[in-house]
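The structure appears below as structure tokens.
Protein chains in written order, with our numbering: chain V, 406 to 805; chain L, 406 to 805.
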């Protein structure tokens, strides 16, 4: 297996550190628009890793880099603006493709808060026949959420439930950053995108529909000492992926943002600073959202000052295989202290990065295989969960 | 009188429209970094007005422009970053000087929320001897607040009170902008500056000291139908000016920001978007605060969509000239509908702009005169209040 990793930011760099301990691949080319960043990501990890530059917005550039290095699998670890050129670039080069976020949505032009417009991943699913005909695999949304959360949903359907009333992905943390009043632990660009878009919900008989941002607040109790966190509906790929392969009456995603973060996001939106369309500032064109990202500390650099744990998981409610009412929360917790000590990467990016590396290893060994445009829930969950535990990062389950 | 007006933004353009109806001056050169804006400001107002360009950050450029047009009075109507070059440029050219905001403060390096550092206007007062020796006048803070609010303070001390316990400048409005959830009616650059700096308070025996931002919230009842508005302490020139010339036990400034605006300002601060130091965004340097201003609609262009009234005034509590307890609110209200109909300028910028024009007319007629660096409360208040009424914009007083 010859991997091209596009993006040497927080998640990409953590993926390098995780993959460096595994023997399933022959080479990994780590490409970024900033060569120095790629060089730093591969430094000290051995000669299977090669740094390169790439313009991730150019299909042709991605294809050319794949051909140059005879790439078999492309792992996309940049922000979701670049999904389509990387996805198309991998296809043109005859490589398989993995990502952790799907092609972007566009709100319904007249009823954004009740109906979907272009949905997350629609552009990729539109190409599914082409990928299938070519015998190639695009495994989409194989980070932590989407990713492990989807694997949990399939595992619940396969092993724990006969009938599912609701699958609710729930994400919460108790992370703090010393010395900062406000320092998001994940890409603010992506967080703005997912939190300010209309949240999407799926219901059997109704299909996908949207609500107002930050709708249906609920207090969810997270395990391993994190405790209660207020969670709200947020647009996320799981809601688009899970219903395609797993039978459930309702699928939701709620994010434990907390009041303060919600207030900041609402304020950024009021002022128009969530916009990606450039504004002219003293003769120079900049995207306000890029300025927000530039004004905040880079979350990948905050690991030394972070404390606490982050939890991703899937709450499932329905009837068990023995016909009883059952409610479980399948989850994965990473303690920042552990991920920093073991890998030198902070908890949130490490937790995201481990999953595509596990998936690549399953594809390398043949435990996972497929063609077309698939979500993680399209593939057997047990090999994934077992190998994740084998990476030293076990998952858990609470009966509720 | 030959006037150089620096800045053809909202306040500058309104000053042109107001001055155009008065005959006390010979010429007014309107200079902006953007010549088109200056041309638009003078268009249709007759041949006493001349458009020009100027780099307001350059003392030499201001001096050269003064000399070219034999300027006698410079009116500074740009944001307070440019106070010192314009102030020094006027002095070097032998012109008198007026502004509506003073040189910027810098917080105390170690105790910003309890002690003052460099105060508003300190840099200008440091030059007071030089101006006095030269026989020249710098009349500082002669907008609405500071400006008319300071005139009210002096008027209360001269005519209404024997002893003053507190002078509290209080600003509130009920303005809304059709079609916008959030659209500040005044320069966001200046609003961020004054609201996020440590608010300053003056007390007899203690002098100037600071508090946390948004401290001491109180509900103040504004006249003419505006009603109750929550006001909080904000850094403002009046607190630095009034105690120099008017005897009082305490001087404060509170701004009726409202909860929503306070939340937005707090959020901008958390994310670092209030910063003026440039950040690098995809290879380009921009000041985050300039991006905030660029992302919002220009308040000067919103007049057609605005509704409501804005009120500026000075609340005074003490013992009357007959020895009784007395509490009054001296105020000035502008209805946006009136200012748009009469002048084509929205209420907030019109209300700011009228005061320096009145002051220039008093200086032209000799009703006001002086040397050194003075605040509006250093000069007799009655001629000012009478001429303001003569401009068609009467003030009011409520006994409380």
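The beta carbon of each residue, even a glycine, is placed where N, CA and C say it ideally should be.
The beta strand (DSSP E) spanning residue i covers which residue range?
i, result
"residue 566 (chain L)", "566-578"
"residue 607 (chain V)", "605-608"
"residue 621 (chain L)", "Neither: residue 621 (chain L) is in no beta strand (DSSP E) and is coded neither H nor E."
"residue 458 (chain L)", "454-458"
"residue 445 (chain V)", "That residue, residue 445 (chain V), is in no beta strand (DSSP E); its alpha helix (DSSP H) goes 440-447."
"residue 801 (chain V)", "801-804"
"residue 611 (chain L)", "Looking at the DSSP string, residue 611 (chain L) is not in any beta strand (DSSP E), and its letter there is neither H nor E."
"residue 407 (chain L)", "407-411"
"residue 559 (chain L)", "Residue 559 (chain L) -> not in any beta strand (DSSP E); alpha helix (DSSP H) instead, spanning 553-560."
"residue 632 (chain L)", "632-638"
"residue 503 (chain L)", "501-504"
"residue 479 (chain V)", "478-481"
CB residue i to CB residue j, shorter than 8 angstroms?
i, j, result
"residue 548 (chain V)", "residue 761 (chain V)", "yes"
"residue 752 (chain V)", "residue 706 (chain V)", "no"
"residue 479 (chain V)", "residue 409 (chain V)", "yes"
"residue 808 (chain V)", "residue 456 (chain V)", "Coverage of chain V is limited to positions 406 through 805, which leaves residue 808 (chain V) absent and any answer about it impossible."
"residue 490 (chain V)", "residue 521 (chain V)", "no"
"residue 798 (chain V)", "residue 704 (chain V)", "no"
"residue 736 (chain L)", "residue 628 (chain L)", "yes"
"residue 563 (chain V)", "residue 786 (chain V)", "yes"
"residue 451 (chain V)", "residue 781 (chain V)", "no"
"residue 615 (chain V)", "residue 517 (chain V)", "yes"
"residue 567 (chain L)", "residue 776 (chain L)", "no"
"residue 666 (chain L)", "residue 637 (chain L)", "no"
"residue 749 (chain V)", "residue 422 (chain V)", "yes"
"residue 419 (chain L)", "residue 754 (chain L)", "yes"
"residue 598 (chain L)", "residue 693 (chain L)", "no"
"residue 641 (chain L)", "residue 742 (chain L)", "no"
"residue 661 (chain V)", "residue 635 (chain V)", "yes"
"residue 717 (chain L)", "residue 756 (chain L)", "yes"
"residue 443 (chain V)", "residue 458 (chain V)", "yes"
"residue 453 (chain L)", "residue 432 (chain L)", "yes"
"residue 672 (chain V)", "residue 673 (chain L)", "yes"
"residue 792 (chain V)", "residue 800 (chain V)", "no"
Could you tell me which of the options sits nearest to residue i, measuring between CA atoms?
i, options, result
"residue 596 (chain L)", "L:576, L:448, L:409, L:492", "L:576"
"residue 511 (chain L)", "L:528, L:448, L:788, L:580", "L:528"
"residue 460 (chain L)", "L:453, L:454, L:452, L:469", "L:469"
"residue 474 (chain L)", "L:719, L:436, L:708", "L:436"
"residue 732 (chain V)", "V:535, V:412, V:573", "V:573"
"residue 769 (chain L)", "L:614, L:789, L:635", "L:789"
"residue 555 (chain V)", "V:536, V:746, V:719", "V:719"
"residue 530 (chain L)", "L:742, L:773, L:646, L:772", "L:646"
"residue 805 (chain L)", "L:721, L:778, L:492", "L:721"
"residue 795 (chain L)", "L:764, L:602, L:618", "L:764"
"residue 746 (chain L)", "L:711, L:445, L:581", "L:711"
"residue 609 (chain L)", "L:534, L:570, L:675, L:640", "L:570"
"residue 659 (chain L)", "L:643, L:674, L:772", "L:643"
"residue 508 (chain L)", "L:519, L:462, L:472", "L:462"
"residue 639 (chain L)", "L:663, L:612, L:602, L:783", "L:602"
"residue 728 (chain L)", "L:604, L:412, L:565, L:546", "L:565"
"residue 630 (chain L)", "L:664, L:587, L:585, L:578", "L:578"
Cβ of residue i less than 8 angstroms from any chain C Cβ?
i, result
"residue 721 (chain L)", "Protein chains V and L are contained in the structure displayed, whereas chain C is not."
In the DSSP assignment, find the alpha helix (DSSP H) that holds residue i and state where it starts and stops.
i, result
"residue 490 (chain L)", "488-497"
"residue 470 (chain V)", "464-473"
"residue 432 (chain V)", "Looking at the DSSP string, residue 432 (chain V) is not in any alpha helix (DSSP H); the run it does join, the beta strand (DSSP E), is 432-437."
"residue 733 (chain V)", "Where residue 733 (chain V) is concerned, there is no enclosing alpha helix (DSSP H), although the beta strand (DSSP E) it sits in stretches over 730-740."
"residue 520 (chain V)", "That residue, residue 520 (chain V), is in no alpha helix (DSSP H); it is neither H nor E in DSSP."
"residue 596 (chain V)", "593-601"
"residue 418 (chain V)", "415-424"
### Message
If we require 3 or more residues per run, which beta strand (DSSP E) segments fall completely within the segment 649-723 of chain V?
### Response
655-660, 684-686, 689-691
### Task
Evaluate contact between the segment 751-770 of chain L and the segment 652-669 of chain L, counting only Cβ atoms and requiring at least three cross-stretch pairs below 8 angstroms.
no
### Message
With three or more C-beta pairs closer than 8 angstroms as the rule, is the segment 683-693 of chain L touching the segment 693-713 of chain V?
### Response
yes
#### Entry: Minimum length 3: unbroken beta strand (DSSP E) runs contained in the segment 742-799 of chain L
777-779
### Segment contact, 8 angstroms Cβ cut-off, at least three pairs: the segment 423-434 of chain L with the segment 493-504 of chain L
no
#### Entry: Meets three-Cβ-pair contact criterion under 8 angstroms: the segment 534-549 of chain V and the segment 616-627 of chain V
no
### Task
Tell me the start and end of each unbroken beta strand (DSSP E) in the segment 523-548 of chain V that is at least 3 residues and wholly inside, in chain order.
542-544
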